[in-house]
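Participant:
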Amino acid sequence: MKLKALTAMAALLVAPAAFAGGADDDTLVINGEIEMTTKADAPEHMEGTGIDQVISGWHFRADETQQIQMDDFENQGMIFVDQAINTWNTAEGSAGQSCADCHNDPESMAGVTATYPKWNEDAGEVRTVQMQVNDCRVNRMGAEPWPYDAAPAINMEALIASQSRGMPVDVAIDGPAAETWEQGKDIYYTRYGQLELACASCHEENYGNYIRADHLSQGQINGFPTYRLKNAKLNGAHSRFKGCVRDTRAETFATGSPEFVALELYVKSRGNGLSVEGPSVRN
Amino acid sequence: MASGVRPRVKVPSTASAGETVTIKTLISHQMESGQRKDSEGNTIPRSIINRFHVTFNDETVIDVKMEPAISTNPYFEFEAKVPESGTFQFTWYDDDGSVYEDSAEITVG
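If you read the protein sequences in the order shown, they are chains A and B. When you number the first sequence by our numbering, it's gap-free, plus one each residue, and the end is 312. When you number the second sequence by our numbering, it's gap-free, plus one each residue, and the end is 116.
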């Protein structure tokens with residue numbers, strides 16, 4: 030009898046571990062061609078965080094969701110990339126120019142997403158891909174800027190990201206970008222909202238565990254823009270940040286705000302070494 | 008009126024006689040259910056694809072009646088036995104009367 034009770038207790042102790050097993054060991058290859066680095070040694074600046082390996086959010090999702098990302102045909106994020114290709118080739122604005130007039134094929138964007146957000150010397154600020162696209166739209170095309178993370182903007186970001194798939198994320202955090210990066214780091218470790226949660230509370234201290242029904246990842250953004258099954262569209266990193274901050278019951282920063290640009294740079298730098306996956310598929 | 012509709016199909020280019028092949032289809036479409044309201048409270052009219060029909064050498068493979076609860080960008084994956092070389096013809100019928108078509112050749116060697 031006693032033995033039985035002990036066995037039952039042992040089973041109870043073991044069960045949650047099997048249930049919350051953290052990242053899995055699957056391998057991500059897209060279309061049978063593009064091999065992705067989804068686990069990498071943590072970049073130097075993360076020393077002291079307790080994380081020695083950075084892991085793509087892909088590893089924290091169910092097999093069915095993972096599989097959708099492995100084939101561009103099933104990855105519905107690619108529908109929006111196709112839409113962005115049309116936009117790429119369409120002339121807009123007073124200058125009568127399209128993206129293609131200056132940049133030729135979208136393939137010319139290879140490597141861009143891997144290094145953004147990036148310091149822009151002329152503007153004297155760190156810029157995201159969307160900010161750079163809007164700069165082109167306003168100053169070169171004479172067109173209206175897209176609202177941050179709006180459908181056309183996020184679709185274009187996905188098209189640009191898709192050109193860098195498989196390349197390692199390598200954003201610069203030193204030099205002129207250092208100040209913005211430090212600001213982003215401060216935000217990452219600041220507790221917000223009534224629940225007093227920082228990014229780190231979930232994604233650094235508790236990744237692999239469950240927060241109610243959700244499996245916490247490291248909060249990497251190498252896979253953004255992300256096609257989410259819950260809303261059947263592409264989602265930007267800033268929108269995701271906003272959702273997280275809102276969930277802490279705080280007033281959030283706006284998408285495209287300097288705070289989120291800084292946070293994007295910092296969070297992206299935590300994924301230095303992982304492959305660019307955008308558009309990825311998550312739940 | 009549906010915009011940005013684009014059908015895609017994935018069919019293997021070759022097969023052996025009598026082989027069962029897997030076919031994947033996806034069409035981008037908003038599949039507006041007719042149950043939702045806009046910000047002014049007006050009903051957004053229903054606009055869905057209501058039928059999906061696939062033939063192989065003019066013989067029906069599947070014929071699907073589609074309903075408003077089907078989500079956006081409907082994806083269908085199914086298997087078909089291929090007795091001979093021929094053409095798969097895919098047809099989607101929209102509520103607004105539009106018909107979207109695609110086809111794929113398969114060679115049995």
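Idealized CB from N, CA, C, for every residue including glycine. Note that the structure is a prediction, hence the values are computed from the model and not measured.
#1: Quick check: residue 142 of chain A and residue 290 of chain A, are their CB atoms within less than 8 Å of each other?
#2: List the residues of chain B whose Cβ lies closer than 7 Å to the Cβ of residue 112 of chain A, in chain order.
#3: State yes or no: is the C-beta of residue 174 of chain A within less than 8 Å of the C-beta of residue 166 of chain A?
#4: Under a three-way DSSP split, which group does residue 42 of chain B fall into?
#5: Could you check the C-alpha separation between residue 253 of chain A and residue 28 of chain B for me, to the nearest Å?
#6: Starting from the C-beta of residue 210 of chain A, find all residues in its chain whose C-beta is less than 6 Å away, skip the five residues before and the five after it, and write them out in chain order.
#7: Which whole runs of the beta strand (DSSP E) in the segment 46 to 94 of chain A are 3 residues long or more, in chain order?
#8: In this structure, what does DSSP give as the bridge partners for residue 264 of chain A?
#9: At the 8 Å Cβ level, is residue 50 of chain B part of the contact set with chain A, yes or no?
#10: Rounding to the nearest angstrom, what Cα-Cα distance links residue 257 of chain A and residue 98 of chain A in this structure?
#11: For residue 51 of chain B, is the classification buried or exposed, using 16 other Cβ atoms within 10 angstroms of its Cβ as the cut-off for buried?
#12: List, in chain order, every chain A residue whose beta-carbon is nearer than 9 Å to that of residue 131 of chain B.
#13: Going by beta-carbon coordinates alone, are residue 199 of chain A and residue 144 of chain A separated by less than 8 Å?
#14: Assuming residue 113 of chain B is part of the beta strand (DSSP E), what are its boundary residues?
#15: Mind listing which residues of the segment 246 to 272 of chain A have their C-beta closer than 9 Å to chain B's C-betas, in chain order?
#16: What did DSSP end up calling residue 295 of chain A once you bin it into helix, strand or coil?
#17: State the DSSP-derived secondary structure class of residue 103 of chain B, mapped to helix, strand or coil.
#18: Going along chain B in order, which residues have a C-beta closer than 9 Å to the C-beta of residue 59 of chain A?
#19: Which stretch, first to last residue, makes up the beta strand (DSSP E) that contains residue 69 of chain B?
#20: Just reading off the alpha helix (DSSP H) that residue 175 of chain A is part of, what are its end residues?
#21: With H, G and I counted as helix, E and B as strand and the rest as coil, what does DSSP make of residue 119 of chain A?
#22: Buried or exposed, going by whether 16 or more other CB atoms sit within 10 Å of the CB of residue 225 of chain A?
#23: Rounded to the nearest angstrom, what separates residue 114 of chain B and residue 140 of chain A at their Cα positions?
Facilitator: Walking through what the data contain:
#1: Not a contact, by the Cβ cut-off of 8 Å.
#2: Within 7 Å Cβ-Cβ: 11.
#3: Judged by their CB atoms, residue 174 of chain A and residue 166 of chain A are nearer to each other than the 8 Å cut-off.
#4: Per DSSP, reduced to three states, the secondary structure at residue 42 of chain B is coil, with no helix or strand assignment.
#5: Using only the alpha carbons, I get a separation of about 34 Å.
#6: Scanning its chain for C-beta atoms nearer than 6 Å, with the 5 sequence neighbours on each side dropped, one finds around residue 210 of chain A the residues 202, 294, 295, in chain order.
#7: Segments of the beta strand (DSSP E) lying fully in the segment 46 to 94 of chain A: 68 to 70, 82 to 84.
#8: DSSP lists A:255 as partners of residue 264 of chain A.
#9: Chain A places no beta carbon closer than 8 Å to that of residue 50 of chain B, leaving this residue out of the contacts.
#10: Looking at the two C-alpha atoms, the distance is approximately 11 Å.
#11: Burial call: exposed.
#12: Any question about residue 131 of chain B goes unanswered here, given that chain B covers just 8 to 116.
#13: Result yes, Cβ atoms of residue 199 of chain A and residue 144 of chain A sit closer than 8 Å.
#14: From DSSP, the beta strand (DSSP E) with residue 113 of chain B extends over 106 to 115.
#15: Look at the segment 246 to 272 of chain A: the residues with a C-beta under 9 Å from a C-beta of chain B are 261, 262.
#16: For residue 295 of chain A, the three-state secondary structure derived from DSSP is helix.
#17: Residue 103 of chain B: coil per DSSP, three-state reduction.
#18: Correct list: empty, because the minimum Cβ distance to chain B is about 15 Å.
#19: Element bounds for residue 69 of chain B: 66 to 72.
#20: For residue 175 of chain A, no alpha helix (DSSP H) segment is defined, and its DSSP state is neither H nor E.
#21: Of the three classes helix, strand and coil, the one that applies to residue 119 of chain A here is coil, per DSSP.
#22: With fewer than 16 other Cβ atoms inside 10 Å of its own Cβ, residue 225 of chain A counts as exposed.
#23: Taking the straight line from one Cα to the other gives about 39 Å.
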